[in-house]
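K.L.:
Sharing a structure below in structure tokens format, with a few things to ask.
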Amino acid sequence: MVFDLLLQATEGVARWDVMGAGIGAGLAVIGVGLGIGRIGGSAAEAIARQPEAADKIQSASIIIAAFIEGVALFSVVVCLIVALK
């Protein structure tokens, strides 16, 4: 009963699925930014400790960052699908 009243009150004002998709996409982007920043910081620290392993560390961090970007793209696409449904 209360849910029906809420739906009638918000009818034409806002769609909850669009708001949820926007929040989800925003959280995905924030998570990606934090993850890639942490990768960069850890890679810089590792290269400072072992400069001879810089090539391996750098290529591994680029691959990991690419995987994180892929997950972010997937989550934003899912949010867009929900919003445009």
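Numbering (this note's numbering), first residue to last: 10 to 94.
Backbone N, C-alpha and C fix where the C-beta goes; we use that ideal spot for every residue, glycine too.
1) Reducing DSSP to helix, strand and coil, say where R24 ends up.
2) Please list, in chain order, all residues of the same chain as G42 whose beta carbon is under 7 Å from its beta carbon, the five residues on each side excluded.
3) Going by DSSP, what residue range makes up the alpha helix (DSSP H) through Q59?
4) Helix, strand or coil for K94? Go by DSSP, reduced to three states.
5) From this set, A30, G31, A81, I66, which residue's C-alpha is nearest G50's C-alpha?
6) On the three-pair Cβ rule with 8 Å, is the stretch 29-37 touching the stretch 75-87?
7) Can you tell me whether A30 is buried or exposed? The criterion is at least 16 other CB atoms within 10 Å of its CB, across all chains shown.
P.N.:
Here's the rundown:
1) Coil, per DSSP.
2) For G42, where only same-chain residues beyond five positions count, there are no Cβ hits under 7 Å.
3) Taken as a continuous stretch (DSSP letters only), Q59 belongs to no alpha helix (DSSP H), as it is neither H nor E.
4) K94 falls in the coil class under three-state DSSP.
5) If we check each option's Cα against that of G50, I66 comes out closest.
6) Touching, per the Cβ criterion.
7) The residue in question, A30, is buried, as its Cβ has 16 or more Cβ neighbours within 10 Å.
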